[in-house]
Amino acid sequence: MNNLNESLKQMFVRLGSMTLAVAILCVLAIASVIGTVLLQNQEQADYLNQFGQLWYWTFRSLGLFDMYHTWWFLTLLAFLMVSLAVCLWRNVPHMLKEMRMRKVVITDKSLKHFHHLHHWKLGDGADMADVKRLAERELSGWETLEAEKDGAIYLRGDKGRFHKWGYILAHAAVLIILIGGWISVHYGFRGNMSVPEGQSDNEIEFLRGTAVHHLQMPFSVRCNSFHIAFYPSGPPKEFRSNLSIIDHGKVVMTKDIIVNEPLKYKGVRIYQASFGDGGSAITLKLFGLDGSEKVDTVKTRVYQTWKDPKTGVSLEITDFRPFNIENMAGAGQPKDFHDLGPAVEFIVRGPGLKPVKIKSYMNPFVYDGQNRGTLMEVSESGDGKDYQPFLLGLDFTNPKEWELFHAFVHAAANLGGSNTKEERFKAFNAALKQVYGDKRPKDFQDLGVRLLQGMNSLPRIPWPFIPILDDYDQVYYTGLQLTEDPGMNVVWTGSVLLVLGLCIMFYMPHRKLWLVIRPAGKGEGLEVSVAGMTNRNLLGFEKEFQALQARLNATFESS
Amino acid sequence: MSVALANQSTWESLSHGRPGFIRFGAYLGLILGAVGLAFYGSGGYDQQQYLFQLFSGQGLIWCGTGAIIGALSSAVLSTLRPSIADAKIATNLVSWLDGAALLLLLTALLAQFEPPKSMISFNDQSNLFSGRVIMTMNVVFIFSAVSYIAYLFAPDSFIGRLGTWTAWAGVYAGGSALLLRWHESYLINTDIGHAPVSNLYEVFILLCCVTTIVYLTLERRYQAKAMGAFVMFLVAAAVFFDIWLASVGEASIKPLVPALQSYWMKIHVPMNFVGYGSFSVACGAGMAYLWRSRLEARGSNARVLAVMPTLDQLDQLAYKAVAIGFPAFTLATILGAAWAAEAWGGYWSWDPKETWALIVWLTYGAYLHARVSHGWHGRGLAWWAVAGFLVTLFCFLGVNMYLSGLHSYGRLS
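Residue numbers (my numbering), protein chains in the order written: chain A, 352 to 910; chain B, 18 to 430.
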């Protein structure tokens, strides 16, 4: 029994030991690195791709993909808490006692051990009370106590007597912060909600491990509108959602939130976290490429797939953006930002077609005042980074150009198709006359360039039609984050204590000073000794001690 | 603070005793006046307009009255109780406030060289005057580093003073350049205006200045001049990195993404750099320690050993620097958590930057435990200070460059 007690006691001592504390700090630091190098909480398939079977399962069984919530990491944190608690439990009583106890009388033996020590011999005429008075004047700023023993006067001075509170506060604060964190994890929640404009929702979803969880809120949130403001140079300036909180069927609050200004209702904070397209209505014009000059209109929405029943070609609309601001300047030149206008993104699939991702702009590409025709961007890989510009040549917003294109094709064919420069010019003139009559458009030279570009690029399109964005009715969704965190105030309390404790620890060193005045022997005057010590900032104390020594020197000499 | 620029004794007498105390009162009154303007000024407080308000007639009245009242009341106080004039808080702070006032004056002077407003555009920022001031800072800091290194091999007091002077000149150039950039960001467009701590280029200038200030303060207090070669070498390295950043087009003033539009940025970022700067100084002291201990082990009697601080002093200096940096870094991390709680919905998300801040904190926490409670000293801890700096370097540079996360302000969606 005794043995068990003994070993328990041993363990207790070990738990609070400094070696263990330093070891835990180091192990925590090293473990934390893993989670920053390995991206956390990604798709499992991506991990499998990246690491291969063997390592994927090794990492997964160690929980490295959601490392900061694994049992072993939490155990480490728990260890730190236990170690801190034991350390406090063992040391706080000592420290409190030490702060209360201020021994004034000091033995000669311990006086000799002081690193900072100085003696004076004063002449016969010196009076003890006078010397004491003079010394006390020089000790202003020190908290002094005095005592007399065996005919000697002892003065003790203290500065920063509450230094040990720094330790206590700082260590207790870390414990409090960890407890706050534990409360946050266990009694709080944090999840996301995507609400399209005009709709409402009352359920958040969040990831725990690899599974998505859902949680009902005690109220619902309606997104009345979402608005993005842009800087002239393109980057977003502000994301603003106008939200209404609906509780028991009644609107209880309507407020705007932006990124750094959340709203709070019933202890739940609602943050602007992201945004996206909420299913905008899209109207596409399909310009048939079978030579029939036919133009179809298709109405669909973002996130929907439209399928052509005749050809089996489908368009999956993935995104829509009303502004597309790009830097038009070449590398090294001053930047030059232009808004290319609304664009829709979709994936084209069909029998015998390689699926590609397309970004189709509504407006023609106008640069340097010259209309260069409708722009499309093509990404063969399906990744937004791989977009290549593809100028269609024709300006599809102008139906006459589509007409002109066909007139030109016909005219060229009628002329025999020898395709010389003169022939083409003749065909162009004929087509112009057919479409525009005698009123040639002013920019007919540009029109010629566009037409030639169109002759070049349109035949390269493998689909039965060219889908061009014609009209839209934009709807955003706002991505909200909803959190409730009862541990937050605990954490803030701990934080304040931590900073306070550290400041006391580092900037309020405990400096102690003893001044002993005693008769040096019969008729030989007085002997004055001053000794000092500090527990921090030795260099600073050295200076202070020397200054004090010099002042005392001057005082004793003049007296 | 700028004691090196003036004759020591005259300056000392100006910042101690009554003259210093009265000036302290004036600065305090001025600050209170500025705060009063923010709260009670006509037109109310508007973040975008406050700076302009401060320099308008109304601002001058508020701040001027505050300064006069402050100066008068401290004059009266110090007459009634002469001992109060030696209050530590006043004598310690007044030189810093002097330095800040000098910096503001310098900035106001340099702002006169800005091109006319019609010539300022977002697309071409090459004509902004801050660019030239930053170039000056670069040159001056590199010169200072060279002087300090020369001082090691030719311990001549003039070379040493040259190093200190140019280091101070660099601090003032860098500080005023940052303030100018702040002003310029508003000149370009009030919508774009923001504190100059929003990208790597700007914070590197801040890092150079803070590191130098921390070092110079320690140098002045503890006569540790020869350590400057190591610290200013690090600063010079940062300067070269900044020149490289400018050469790849990272130097322009860019508008703030929504996540950064918060008053927290002005507090959190500079506070962090007090930490980073101090840790760099600790690294400099650690390197000096290791160098000296190698020289001593070889039994060298190089002249430099006579001017360099002793091993014990270097050990203390490294600790001093950490003692400045650790509380500052702790506070900065807490402020960051407070900002995260306001912007991202949680005070801690295990985002790479946060986690690395924790790692840095743990590293220096372990350093302090090993030193203070274990009584470790010497080479081991000097290595620790150097290694700790490498961890710090990764935290504020490596994370931005190699790891993704919430601190890469690329996009919101």
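No residue lacks a Cβ here, since even glycine has one placed at the ideal position from N, Cα and C. Please read all numbers here as calculations on a predicted model, not as lab measurements.
Taking the Cβ atom as the reference point for each residue, do A:L371 and A:R365 lie within a distance shorter than 8 Å?
The answer is yes: Cβ separation under 8 Å.
Can you tell me the Cα-Cα spacing of B:N318 and B:V324, whole angstroms?
Roughly 12 Å between the two C-alpha positions.
Given that B:D332 touches chain A, what residues does it touch there, using C-beta distances under 9 Å?
Listed along chain A is no residue with a C-beta nearer than 9 Å to that of B:D332; the closest approach is about 10 Å.
Quick one: list the residues of chain B neighbouring A:R620, beta-carbon separation under 7 Å, in chain order.
Under the 7 Å cutoff, chain B gives G362.
Residues from the region 846-859 of chain A in contact with chain B, defined by Cβ distance under 7 Å
Going along the region 846-859 of chain A in chain order, one finds S846, L849, V850, L853, C854 and F857 with a Cβ nearer than 7 Å to chain B.
Going by DSSP, what residues sit across from A:F348 in a beta bridge?
This structure cannot speak to residue 348 of chain A, because chain A is shown only from 352 to 910.
For B:L119, tell me which candidate among B:S59, B:W185, B:G74 and B:V163 has the shortest Cα-Cα distance.
Comparing Cα-Cα distances from B:L119 to each of B:S59, B:W185, B:G74 and B:V163, the minimum goes to B:W185.
Contacting positions in the region 391-417 of chain A - beta carbon closer than 9 Å to chain B
Hits within the stretch, in order: Q391.
If we cut at 8 Å on Cβ distances, does A:C574 have a partner in chain B?
For A:C574, the answer is no, since every Cβ of chain B falls outside 8 Å of its Cβ.
Whose C-alpha, out of B:G42, B:L49 and B:A190, is nearest the C-alpha of B:L126?
The candidate whose alpha carbon is nearest that of B:L126 is B:A190.
Residues near A:F540 in its chain [Cβ-Cβ closer than 8 Å; skip 5 each side]:
The residues are I555, F557, L566, L833, T834 and E835.
Output, in sequence order along the chain, the residues in the region 127-153 of chain B whose CB is closer than 7 Å to any CB in chain A.
From the region 127-153 of chain B, only F139, N140 and D141 have a Cβ closer than 7 Å to chain A.
Closer than 7 Å by C-beta to A:Q785: which residues in its own chain qualify, once you throw out the five before and the five after it? Chain order, please.
Excluding its 5 nearest sequence neighbours in each direction, A:Q785 has C-beta neighbours in its own chain below 7 Å: A758, listed in chain order.
Helix, strand or coil for A:M727, going by three-state DSSP, please let me know.
Here A:M727 sits in strand by DSSP.
So with CB distances below 7 Å, who are the chain A contacts of B:W113?
Correct list: empty, because the minimum Cβ distance to chain A is about 15 Å.
Need the endpoints of the beta strand (DSSP E) that A:G639 sits in, please.
Boundaries of the beta strand (DSSP E) harbouring A:G639: A632 to G639, taken from the DSSP string.
Could you tell me which whole alpha helix (DSSP H) segments of length 4 or greater appear in the region 815-886 of chain A?
Listed in chain order, they are 839-858.
Expressed to the nearest angstrom, what Euclidean distance is found between the alpha-carbon atoms of A:S576 and A:V546?
If you take the alpha carbons of A:S576 and A:V546, they lie about 10 Å apart.
Nearest neighbour of A:L851, chosen from B:I351, B:F247 and B:C226 [CA to CA]:
Distance check between A:L851 and each of B:I351, B:F247 and B:C226 places B:I351 closest, using alpha-carbon atoms only.
Candidates B:R198, B:W378, B:V252 and B:K134, of which the one nearest B:Y165 by Cα
Ranking B:R198, B:W378, B:V252 and B:K134 by Cα distance to B:Y165 puts B:V252 first.
Along the chain, where does the beta strand (DSSP E) that runs through A:S732 open and close?
That residue, A:S732, is in no beta strand (DSSP E); it is neither H nor E in DSSP.
Could you list which residues in chain A have their beta carbon closer than 8 Å to that of B:I209, in chain order?
Y582, listed in chain order.
Could you have a look at A:M452 and say whether DSSP puts it in helix, strand or coil?
In the three-state reduction of the DSSP assignment, A:M452 falls in the coil class, being assigned neither a helical nor a strand state.
Measure the alpha-carbon distance for A:L802 versus A:D552 and round it to whole angstroms.
In a straight line, the C-alpha of A:L802 is about 51 Å away from that of A:D552.
By the three-class DSSP mapping on this structure, what secondary structure does B:A268 have?
Residue state, collapsed to three classes: coil.
Can you list the residues of chain A that B:L224 reaches, using a CB-CB cut of under 7 Å?
Annotation: B:L224 has no Cβ neighbours in chain A at a cutoff of 7 Å; minimum Cβ distance is about 22 Å.
Give the DSSP-derived three-state secondary structure of B:T350 in the structure shown.
Note: B:T350 maps to helix in three-state DSSP.
Whole angstroms is fine: what's the gap from A:F747's alpha carbon to A:D824's?
Taking the straight line from one Cα to the other gives about 20 Å.
Report yes if the C-beta distance between B:G301 and B:V248 is below 8 Å; otherwise report no.
Their beta carbons are under 8 Å apart, which means B:G301 touches B:V248 by this criterion.
Kindly say whether B:A186, judged by its beta-carbon, lies nearer than 8 Å to any beta-carbon of chain A.
False, the Cβ-Cβ gap to chain A never drops below 8 Å.
Beta carbon of A:F410: closer than 7 Å to some heavy atom of the ligand COA?
Ligands displayed in this structure: none; no statement on the ligand COA is therefore possible.
Got a sec? Which residues, its chain only, sit under 7 Å from A:F638 by beta carbon, not counting five neighbours each side?
Residues V646, F747, W753, F816, I817 and I819 of the same chain have their beta carbon placed closer than 7 Å to that of A:F638, with the five preceding and five following residues left out of the count.
8 Å Cβ shell around A:V433 - same chain, five flanking residues per side excluded
For A:V433, where only same-chain residues beyond five positions count, the Cβ hits under 8 Å are L366.
At 7 Å on the CB atoms, spell out the chain B contacts of A:Y419, in chain order.
Those within 7 Å of A:Y419 in chain B are W367.
Return the chain-ordered list of same chain residues with a C-beta closer than 7 Å to the C-beta of A:W493, the five sequence neighbours on each side being excluded.
The residues are G508, D509, K510 and L864.
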